[in-house]
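Everything below concerns the one structure shown next.
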């Protein structure tokens, strides 16, 4: 067999190149020309074969010798030879044109042995098979003799790679020669041998193309020592725990990698190294962007590099390093490949891993050529390139975060410290969005319990007209720095391009005016929102000199539209701003004296509309449910109802009839007082609940065999009893076995003319399922119970004198007053007809009515008793057991209905209704009646008279009692995200601007004309696409939600987040986190403040 190479010049070049690149210009010929090849003489051939056999290795380089001898038939071996011939020809023909860059090395020695095993040359030439070696070869693992090292975890010289499937896993022996020691094959050929159950070390190699079109396969990958410089390593140097670089291992590198591919490949070793050397179980994975590649400088060695780093880190603190590099960067051109770097083999390759700072910023240690020099940051004292300069130009910072953190200290000596930008105050040109702008999707850092502030600010940021106002710098024309009630222009929304902003300047501005917000305690978001909007209003107030005004109060004799107009004019004399134009509406308040009926009507502006949440306490009525005929084991259940509801027993029975799939008329509700008492359908549940709690009586819901058919049907409760031993009577020192109740009596409706025989059978039917479930019951009984009718079985076993102690006995009880004389009579006359208890005999003729009449004649009451003897085989204790019903017993739809009822959802329209309800003032909030000359607990009613364009609704979730906040209402208040219709809850559908805009009659009023200052930018601010100041629907007041503040937790602590609509998508703002959400998730039990805009 002859493997030859047709391009000898390629081998000449390779012999002089230590990279060992094999140049595939033409395919390698395998020496398989069928007709052109002449056979060598048989003696030469046999000598070659013996040489092949004698050259098989006997265990190489620590690899265990594994001998294989797969068994194949003659036909299978011939088929294998032909299949390989086809695969080999296909590989050679398609090599140059193929896009494949992945090939495998296959041992020539192993392949020669395999060819002997299948008599390859004879088969493809159609000759007679050489039977001497045919199918008789034993095989070791293919390629084992070519391998010097495996780059696994046990290797101390090389970094371990991911798996054996990776190109760089195997290190080959030196000086291997193609066609002599190995050949190249494709994946199809390797898979062919593996499918035949041969063991092969898969040595993968890559190919790449040169500019001249030649395809190169690299046999030997370049080997380089790898030094990984990360933050921890530099800390160890700084802390004197490392005195030199050690434990440097090698990696194999493919020459065809470009810079990005090379960094992606090296990231695996970096992450593996950091994981193995980290004290934490989880570390941040690195990407190609987080590493840089260097080589040692000219005439520099490893120890000199260590000393340079040691000197540099000693002048820094906080382990923040940025120092001049003596290294050569390898990433000047991204489009070149590793081969073009002329990086000699065994030269040290250095990976610099970007460090993480506490603020989430990442930076490198070494400065690139042309980078600025470092200085000490005013706040963190680190030596870095200082990028942020304060307006005072006396201090600089390495980052915006450091500047913001230093505000509290630096603001004591610098008046510019709280300003977030250095914009020219005279610059009125609108802000221009930069390409990296997040356009409202910016997180806010929590400064320490400031989520209440962040959530409110996010909602204001996504109020489009307000944002539009600031971005166009309209505020600069209206800012009122002389207003003592404002912040002198310091309170404004933030502007920047970062995805996370540090809002300390806003907090400091608020704290300077309202010191309640100066610390870092938790506060109410609604309270903060009101203060911020009031502060913005005063900062932007167009009224420079406020005139004195008196509150207008009407006694009800003047028309409301006149009083409301006068009140709004009064308001405008002191208050005109964007906040008034956008967000202020008008309330109407009506107070009536309870004694003289004097009325006081006032109209007041409002910024937020606080809606009360209707609150009724849910009561839970617990009871036992006992099914008919013991079809299932009894269960405990409960029914929820409102404390002040008018729900009746009939509604409870209706619900549980649907739940347990029974007829409502067959349900009987009873209370266990001295004896079971029936609760009528007309009784209120709140009365039943009260009686149940006061007297601690149990409530039972029975399922009956049949409902009451006629008015004269008789309701009887059959007691369930058993013997209880050794009860001592205090009378005359008598000991006697007495009975005890097993469970609650069972109710039955009987017709008055029913015979004793039928009563026996009805009671037996009620116990039949209990008998079937008894594990100790005789199999003969169970078989008869299935074969015989109830009457036949009952007569055969229950009434049989020999069997009666195995089941139960139906008795009649004569209810007498149990005094000492009666006890004596009972003990002496047990067998007499007048005794207290005796068996209820089967009598076809005697009716229940007759039995009752006989008892009445003796002035006694009778009852029936189902008595179980001591050795009864029926598990009567099951009658007193409780269990959870199986799914098939319960109507799941009704169960879901109950769960929804328990959530006690409330519509926002119910809150509007509650808002309009009259209320009697508390004693600590009495109203002074000028006619009575005294404070009165008057009746007060609030209504919404006019609403603004931006309606802010505050749901009153926190309840105060006695001046103390003591409860949070966590009910789900449902509200529409689109199309909130409040037409029925607002007196006038026109906006407050109705008084001075778009109405000729009122514009003729000189007082309003001269009073109202209309800004020249208003038409731009309220343009279509922002908010239409006219409204789109004149017939209904429709609003759409665009933001909401949420509160999680209780009174003692909690957390605020915000939802906001931005560019048509809903987002959740949770401090610095901004995540997209679905619109269906906006309405929740945590919704607290709602921001609506008018259509």
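Numbering (UniProt numbering), first residue to last: 1 to 1095. All residues carry an ideal CB built from backbone N, CA and C; glycine is no exception. The model shown is predicted, which means the values in this text are computed figures rather than measured ones.
Quick check: residue i and residue j, are their CB atoms within less than 8 Å of each other?
{"i": "residue 626", "j": "residue 717", "result": "no"}
{"i": "residue 1096", "j": "residue 168", "result": "Lying before the first or after the last residue shown, residue 1096 is absent from the chain, which here runs from 1 to 1095."}
{"i": "residue 1071", "j": "residue 462", "result": "no"}
{"i": "residue 1073", "j": "residue 535", "result": "no"}
{"i": "residue 226", "j": "residue 351", "result": "yes"}
{"i": "residue 159", "j": "residue 269", "result": "yes"}
{"i": "residue 613", "j": "residue 955", "result": "yes"}
{"i": "residue 945", "j": "residue 586", "result": "yes"}
{"i": "residue 1135", "j": "residue 107", "result": "Nothing about residue 1135 can be reported from this structure: the residues present for the chain run from 1 to 1095 only."}
{"i": "residue 785", "j": "residue 772", "result": "yes"}
{"i": "residue 549", "j": "residue 573", "result": "yes"}
{"i": "residue 262", "j": "residue 295", "result": "no"}
What would DSSP say about residue i, mapped onto helix, strand or coil?
{"i": "residue 451", "result": "helix"}
{"i": "residue 158", "result": "strand"}
{"i": "residue 9", "result": "With a pLDDT of only 29 at residue 9, under the threshold of 50, the placement of this residue in the model should not be trusted; the figure read from the coordinates follows. It is helical."}
{"i": "residue 1087", "result": "strand"}
{"i": "residue 338", "result": "helix"}
{"i": "residue 308", "result": "helix"}
{"i": "residue 535", "result": "helix"}
{"i": "residue 1060", "result": "strand"}
{"i": "residue 697", "result": "coil"}
{"i": "residue 1082", "result": "coil"}
{"i": "residue 721", "result": "strand"}
{"i": "residue 167", "result": "coil"}
{"i": "residue 1047", "result": "strand"}
{"i": "residue 905", "result": "coil"}
{"i": "residue 14", "result": "For residue 14, the predicted model reports a pLDDT of 29, less than 50, meaning its position is unreliable and no value from the coordinates is stated."}
{"i": "residue 874", "result": "coil"}
{"i": "residue 548", "result": "coil"}
{"i": "residue 349", "result": "strand"}
{"i": "residue 94", "result": "helix"}
{"i": "residue 272", "result": "helix"}
{"i": "residue 848", "result": "helix"}
{"i": "residue 969", "result": "coil"}
In chain order, what residues of the same chain have a beta carbon less than 6 Å from the beta carbon of residue i, not counting five sequence neighbours either side?
{"i": "residue 656", "result": "none"}
{"i": "residue 554", "result": "563 and 601"}
{"i": "residue 589", "result": "602 and 942"}
{"i": "residue 518", "result": "511"}
Need the endpoints of the alpha helix (DSSP H) that residue i sits in, please.
{"i": "residue 655", "result": "649 to 659"}
{"i": "residue 1161", "result": "The question about residue 1161 has no answer here: the residues shown for the chain are numbered 1 through 1095."}
{"i": "residue 684", "result": "Where residue 684 is concerned, there is no enclosing alpha helix (DSSP H), given that its DSSP letter is neither H nor E."}
{"i": "residue 465", "result": "464 to 471"}
For the beta strand (DSSP E) that residue i lies in, which residues bound it at each end?
{"i": "residue 147", "result": "147 to 150"}
{"i": "residue 1074", "result": "1073 to 1077"}
{"i": "residue 102", "result": "102 to 107"}
{"i": "residue 513", "result": "Per DSSP, residue 513 belongs to no beta strand (DSSP E); it is in the alpha helix (DSSP H), 504 to 513."}
{"i": "residue 992", "result": "First-last for residue 992: undefined, no H or E at that position."}
{"i": "residue 1065", "result": "1065 to 1070"}
{"i": "residue 600", "result": "599 to 606"}
Are any of the Cβ atoms in chain B nearer than 8 Å to that of residue i?
{"i": "residue 438", "result": "The structure shown contains no chain B, having only a single protein chain."}
In its own chain, which residues sit with a C-beta less than 7 Å from the C-beta of residue i, not counting the 5 before and 5 after it?
{"i": "residue 1036", "result": "981 and 983"}
{"i": "residue 1081", "result": "none"}
{"i": "residue 928", "result": "935"}
{"i": "residue 155", "result": "149"}
{"i": "residue 161", "result": "151, 168 and 169"}
Please return the same chain residues whose Cβ sits closer than 8 Å to the Cβ of residue i, not counting the five positions on each side in sequence.
{"i": "residue 224", "result": "250, 251, 253, 343, 345, 346, 347, 348 and 349"}
{"i": "residue 673", "result": "695 and 697"}
{"i": "residue 1097", "result": "Since the displayed the chain opens at 1 and closes at 1095, residue 1097 lies outside it and no answer follows."}
Would you check if the stretch 575 to 582 and the stretch 924 to 932 touch, i.e. whether three or more CB-CB distances between them fall below 8 Å? no
When the Cβ atoms of the stretch 175 to 183 are set against those of the stretch 89 to 102, are three or more pairs found closer than 8 Å? no
Contact the stretch 681 to 695 vs the stretch 634 to 648: 3+ CB pairs below 8 Å: yes
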